[in-house]
Amino acid sequence: MWSMSLSPPFSFSLSLLLFLTSLLSTPPPSSTATISSFNISLSPWHPTLNQTLISPSSTFAAGFHPIPTSPNLFTFSIWFNHLNTTTITSSTLKPTLIWSANQSSPVTASGALVITPSGSIGLFENSSNQNLWPSSPASSSNSTNLTLTDRGELAFGTWSSFDFPTDTIVATQNMTGKTVSSRNGKFQFVNSTNLVFNRSDLYWSSAFAFQTLQQDGSVIAPGNTESSLFSSDFGANRVRRLTLDDDGNLRIYSFNPASGQWVIGWEAIPEPCTIHGTCGPNSICITDGVNNTPSCICPPGFRPLSDVVNGGCERNIPLTENTKFIRLDYVNFSDGSNPTGIDSYSFTACQGQCLSDPKCLAFSFKYGLASGFEPGYCMLQLERLRNGYWNPDTELAMFIRVDNKSEPDGSNFTGMMNVMETTCPVLISLPLPPTESNTTTRNIVIVSTLFAAELISGLLFFWAFLKKFIKYRDMARTLGLEFLPAGGPKRFSYAELKDATDNFSNIIGRGGFGDVYKGELSDHRVVAVKCLKNVTGGDADFWAEVTIIARMHHLNLVRLWGFCAEKGQRILVYEYVPNGSLDRFLFPRALQGTENQSSEGETHAVGNFGDKPILDWNIRYRIALGVARAIAYLHEECLEWVLHCDIKPENILLGDDFCPKISDFGLAKLKKKEAMVSMSRIRGTRGYMAPEWIMMDPITPKADVYSFGMVLLEIVSGVRNHEIQGSKLDSEDWYFPSWAFEKAFKEMKVEDILDTHIKHCYDSRAHFDMVNRMVKTAMWCLQDRVEMRPSMGKVAKMLEGTVEITEPKKPTIFYIGDD
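Per numbering that gives the first Met the number 0, the very first residue in the sequence shown carries number 0; after that it's consecutive.
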């Protein structure tokens, strides 16, 4: 709030002027009057005058605007007045405010905007002499006008509304060093860099400072002539705004003239539960997994607070000396009073540290390496529990402290388990803390071994029976072998999918296994429908893919929503990923004229997509890390470990926020993590296949590691691995990884292998560590010797920077030795 000191004579004159004008004011006109400028001859301006100040092109308007929840209170605001739309008239659109002079102090109908004879402008409530106008602007002449430009800028002399933003920044407005506040006053975008809650609690920070939002949907940083951030509809010339919403998320909106709606093109935080203040103290925030809508729940031992709107909780019973801990998987509280991290070799030691401190309300524990050489990590939460959220990416298990006698031992906290509808519930549960009793451990091992032996024997018997009678399709259906357990993917009829895809008319991709069509289900979900070719030969592949994917749920895997198996048809129904495959962003020039199909891999979209935005280094790193985590999940975390067998850019799809999702799962299953399989035929795509495929050696998970290394090198370079770069070698001796190794580690010219489209954006200080980890990791993945390659779990940690990466050896083709 801003104020201006008034001398007694001026205060008395202003009060008298406002009183007389309120007596002489006429009833408000029946229609809104428009003015091009406001000067002293039109002063004072009351809300009852029902007039607006219009910009020259009528794009923006300013004036007194009623508060929706209190129509008798007004703010002097700027809003979008006229927007080109093809569906509705601009007059029927709900006004979108971009600035308010008195956002926190609305006035009544007796308030007025006044230009004084001395050339000052002020916004006053009739009952108060406090000036509500920001910074109390003054002019040297009483002839100065208040005007509104076509950029949305309100100007009075040298004063500009752009210097005092509220919750919105419009296109071309310079925001360097400015602070934007949400309308509810809880959140601020400070210095166009950091998002904070309650003016001090930082929960998001940009890699660069925002300077200007462009009309094409990009954001420019200070001192940089190139765009540093792109919205999803980049390139379209639309009316845009950057707004800090009341939920604490910073978003770029663009106005779609076809629908007459504001559309979100970019948002700072995809996961709303990580925004501080979303839920109250002691509560846990979860999202529904469908609409990404957050909700607040109380952990065991707590009940909701009736007087807190945002979901705060209080203890059922205060803590006493007799306490215990209840375990909550994938829960983290990021705000405690002086949270203390402790390296602890055992879970018991961590628990003892918390019990010995009366201020400790909970502790989180992360297990170290299985070898035991790296200690587990223990975090104590002291005095308060705030900003709690549930997320599968959280590797911590939270143990919350409750009263021992009154609280039950079991936990009723389910998080997202009911929403995910998974048939593999063990995937969303952390391992139990290891017991420290040798006797108990031995008994558990003996019982588990006997149980596993019986289970394996039963599975072998069942498999022998199924294999012998698989050709009798009617008998298999009678026994229900084609049906998955409840909660798995839905079985669709052929008629349903035919209707959803408009008789399979909208083809969006072709591949070796079949064609892919875009469709819309009866519940309006957009899906990708894959019809398998060669039904008889591919029947085993079909059931393998259904049974495997049905037991998986990972952020970076394409989700299977259903399937169809009738009348010889074998169809899979996947979620639709709108941005298509990664190769369209890495190799845009190579795709021109070949949008409809791919010679070796599957293409997930056809038609003319136009120019794609170039992925910056941060997005490429996120894509590489997400793919690595997904492959590690397939190799090491699922009940039946899976080889993908065809990792390549065409099988990596990108969502709206460029979140990577792996598609076209390979169908080789392993009973043990380090097992080997023998393939009856070569699988994969030339250029991405590991040497053991050609040499007919047994295939292990390290084959996927080699393919990922080649993709990782393409993400950095932006070129296909078979495109010969500058080299003195003959084409038949040229090998892409060897060339990249020579450039990065012999010639020390890592810039020579970077993608030329964004090479100018490479900053050695900001990007060297990220790019260096990606290149080194790729070189380790591309070793021709299988035992030299790391596991995918270690590859993900190498990209995260949590393990040290040693100098790699030069990759060579298996039949060409190193020089």
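C-beta atoms are modelled at their ideal positions from N, C-alpha and C, and glycine is treated no differently.
Bear in mind the structure is a predicted one, so any value in this text is a computation, not a measurement.
Proximity to arginine 621 across Glu636, Cys637, Gly654 peaks at Gly654, based on C-alpha coordinates. Along the segment 59 to 84, the beta strand (DSSP E) occurs as fully enclosed runs of 3 or more residues at 59 to 66, 69 to 79, listed in sequence order. Boundaries of the beta strand (DSSP E) around methionine 397: 396 to 402. Ranked by Cα distance from methionine 797, the options Val704, Leu753, His643, Asp751 are led by Val704. Annotated three-state conformation of asparagine 144 is coil, per DSSP.
Leaving aside the five residues that flank tyrosine 632 on each side, the residues in its chain whose CB is nearer than 7 Å to its CB run, in chain order, His553. The C-beta separation of alanine 739 from isoleucine 752 comes to about 5 Å, placing the pair in contact by the 8 Å criterion. DSSP places phenylalanine 346 in the uninterrupted alpha helix (DSSP H) bounded by 346 to 354. Boundaries cannot be given for valine 106, as no beta strand (DSSP E) includes it and DSSP labels it neither H nor E.
When secondary structure is reduced to three states using DSSP, leucine 559 falls in the strand class. In the three-state reduction of the DSSP assignment, lysine 775 falls in the helix class. For isoleucine 114, the secondary structure class from DSSP, reduced to helix, strand or coil, is strand. Beta-bridge analysis with DSSP links valine 794 to no other residue. By the neighbour-count criterion, in which a residue is buried when 16 or more other Cβ atoms sit within 10 angstroms of its Cβ, glycine 457 is exposed. The alpha-carbon separation between proline 391 and glutamate 519 amounts to approximately 29 Å.
Cβ atoms of tryptophan 265 and serine 230 come within 8 Å of each other, at about 4 Å. Contact between the segment 440 to 449 and the segment 514 to 531 is absent, with fewer than three C-beta pairs closer than 8 Å. DSSP places lysine 497 in the uninterrupted alpha helix (DSSP H) bounded by 493 to 499. In the three-state reduction of the DSSP assignment, threonine 47 falls in the helix class. For phenylalanine 155 and proline 136, the gap between their C-alpha atoms comes out near 7 Å. Glycine 375 sits buried, since 16 or more C-beta atoms from the chains shown fall within 10 Å of its C-beta.
Residue pairing of lysine 660 in beta bridges, as defined by DSSP: Leu652.
The alpha-carbon separation between proline 65 and leucine 112 amounts to approximately 15 Å. Here methionine 709 carries a helix assignment [DSSP, helix/strand/coil]. Residue environment analysis places proline 317 among the exposed positions, since fewer than 16 neighbouring C-beta atoms fall within 10 angstroms of its C-beta.
Around phenylalanine 254, the same chain offers Leu82, Arg237, Val238, Trp261 as residues with beta carbons nearer than 7 Å, after the five sequence neighbours per side are excluded. The segment 549 to 565 makes no contact with the segment 684 to 691; the number of CB pairs closer than 8 Å stays below 3. Contact between the segment 274 to 284 and the segment 189 to 200 is established, with three or more Cβ pairs separated by less than 8 Å. Under the three-state reduction of DSSP, glutamate 124 is assigned to coil, being neither helix nor strand.
If you compare the alpha carbons of Ser217, Ala267, Pro271, Cys760 with that of threonine 192, the shortest gap goes to Ala267. Contact annotation: the segment 167 to 183 does not touch the segment 141 to 149, with fewer than three C-beta pairs closer than 8 Å. Taking glutamate 394 as the centre and dropping the five residues before and after it, the same chain places the C-beta of Lys365 closer than 7 Å to its C-beta, in chain order.
Annotation: methionine 747 to asparagine 617 spans about 22 Å, alpha carbon to alpha carbon.
Looking at the backbone, the Cα of alanine 743 and that of isoleucine 251 are separated by about 38 Å. Counting every other CB atom within 10 Å of its CB across the protein chains shown gives aspartate 656 a total below 16, marking it as exposed. By the beta-carbon neighbour count (other beta carbons within 10 angstroms, threshold 16), lysine 185 is buried.
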